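In this text, residue positions in the sequence shown follow this note's numbering: the first is 361, and each later residue adds one.
Structure first, commentary second.
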Amino acid sequence: MQVPAHVEYERATSVDHALGLLARYGPEARVLAGGHSLIPMMKLRLAQPETLVDINDLSELAGLGVTDGELRIGAMVRHAQLLDHAEAGELFAILHDAERVIADPIVRNWGTIGGSLCQADPSEDLSATFAALQATMIIRGLDGERSVAARDFHTGPYETVVRPGEILTEIRIALHPTIGPRTDPKTGRKTGGGPGSLRRGSAYQKVGRRVGDWPVGAAGAAVWLSDGTVAEVGIGLSAVGARHFSAAEAEDFLRGAPATAQAFEQAGQIAAEHCRPSSDQRGPADYKRHLARELTIRALDLALRRAQAAEPSGAERASGGPGGRPPGSNRTAR
Ligand SMILES: Cc1cc2nc3c(=O)[nH]c(=O)nc-3n(C[C@H](O)[C@H](O)[C@H](O)COP(=O)(O)OP(=O)(O)OC[C@H]3O[C@@H](n4cnc5c(N)ncnc54)[C@H](O)[C@@H]3O)c2cc1C
């Protein structure tokens, strides 16, 4: 039987209390969220924190809903809650695509969004998802709050910008990207024209060895369409050695391009060329590179079809969100 080393345990009653406990116990204290990653690592003695600060009672971190033009996801929202949240899925189908294929119901029922991101496994599905959505991470310490772009959140395998003594509190996704009319210097094509005229679609595609397993390769895409042109796009990649879990060069190629199968194939090729996959027990590097290409194309294609079927995002804003819900409803669904 694997048994963790001796550890002190504290149960926080508020974010401020948790931050105080982390400060008091120092750098060898660790936050305990769902424990699905941390506890197995402690059993294997790959992690040996001296103190666990349990944040499971912090309802402050469990909010989920639209506020001030952003979908806000508390760090303690469980995978299953995000998967069950209709408004999140209607706004960004990529979230439900990804959550549906993360682990199994037991892990999804208790594992948290914040824990997944802070674990920073290079094969983690939500890191690619939030990179595609160009999300912002909110981090709190005793000195206050700071925000970091999802693409700057990870500093390496199992490493993030969250410092000892800090807590990831929330993930925010803007409903309407900031896009002004602009002209592509190479083609002279005009793109953009304000969020009111845009249609949004997103999707996530994953290949794993078996149901509930980590990805061999995965890609997510979010597109904003303006009259058949890609006004804005985000592409996230997981498990294929993509820098910042994203495909920035493929995005640059697509911005302002017509949303066509040919353009998507070219974007998939560019995404694959910029990956640095490594061979491991999940598959050889060349297969993973192939997946990066194919899954990018498929994610873009599905995101496009969803965008074409969607209402323009301005219309959605006028009616207060998908289904006509006022912004901010569902804010604390659990
Ligand atoms: C069998 C199995 C299959 C899995 N399959 C997949 C999969 O297919 N795809 C996938 O993406 N993931 C997969 N996972 C990972 C799973 O999603 C994570 O284990 C889990 O969600 C991590 O969240 P947690 O709340 O359990 O984090 P914990 O284990 O509690 O914490 C993980 C780390 O994050 C830190 N931490 C947690 N929350 C915060 C916070 N708010 N601020 C600062 N630091 C924090 C902890 O100190 C710890 O270092 C799988 C896990 C298991 C066990």
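Glycine included, every Cβ here is placed at the ideal spot set by N, Cα and C.
Values in this document were obtained by computation on a predicted structure and should not be read as measured data.
Taking all protein chains shown into account, decide if residue i is buried (16 or more other Cβ within 10 angstroms of its Cβ) or exposed.
i: H634; result: buried
i: Q362; result: exposed
i: R405; result: exposed
i: Q565; result: buried
i: H366; result: exposed
i: S638; result: exposed
Quick one: give me the first and last residue of the alpha helix (DSSP H) that residue i is part of.
i: V467; result: P465 to W470
i: V375; result: V375 to Y385
i: A652; result: A645 to A669
i: Q356; result: Residue 356 falls outside the range modelled here, since the chain spans only 361 to 694, and no answer is possible.
i: L486; result: D485 to A492
Answer yes or no: the CB of residue i versus the heavy atoms of ligand 1, is any distance below 8 Å?
i: P465; result: no
i: D485; result: yes
i: H604; result: no
i: L528; result: yes
i: C478; result: yes
i: F398; result: For the record, residue 398 in the displayed sequence is Leu; it is not Phe. For ligand 1, at least one heavy atom lies less than 8 Å from the Cβ of L398.
i: R532; result: no
i: D587; result: no
i: I630; result: no
Restricting to Cα atoms, I'd like to know which of the options is closest to residue i.
i: A578; options: A602, F513 and H366; result: A602
i: D444; options: E430, T529 and P465; result: P465
i: E492; options: A621, R460, R560 and K648; result: The sequence as given places Ala at residue 492; Glu does not occur at that position. Out of A621, R460, R560 and K648, R560 has the C-alpha closest to the C-alpha of A492.
i: V600; options: K648, A610, D573 and Q441; result: K648
i: L398; options: A510, Q479 and Q441; result: Q479
i: R570; options: A632, T411, D640 and V461; result: V461
i: V426; options: A446, P575 and E526; result: A446
i: Y518; options: V583, A667 and G475; result: G475
i: A372; options: G380, A365 and G449; result: G380
i: H536; options: L451, A458 and S483; result: L451
i: T589; options: A607, T620 and L442; result: T620
i: P364; options: W584, Q408 and G395; result: Q408
i: L442; options: D457, G429 and E430; result: D457
Out of curiosity, what's the CA-to-CA distance linking residue i and residue j?
i: A670; j: L421; result: 31 Å
i: L502; j: D646; result: 46 Å
i: R532; j: S507; result: 10 Å
i: D587; j: M402; result: 53 Å
i: G580; j: G616; result: 19 Å
i: E368; j: V413; result: 9 Å
i: D612; j: S606; result: 12 Å
With respect to the beta strand (DSSP E) encompassing residue i, which residues constitute its N-terminal and C-terminal limits?
i: D457; result: No beta strand (DSSP E) holds D457; the alpha helix (DSSP H) holding it covers A453 to R460.
i: L398; result: No beta strand (DSSP E) contains L398, which is instead part of the alpha helix (DSSP H) from L398 to K403.
Is any heavy atom in ligand 2 found nearer than 8 Å to the beta carbon of residue i?
i: G568; result: Of the ligands one can find in the structure shown, namely ligand 1, none is ligand 2.
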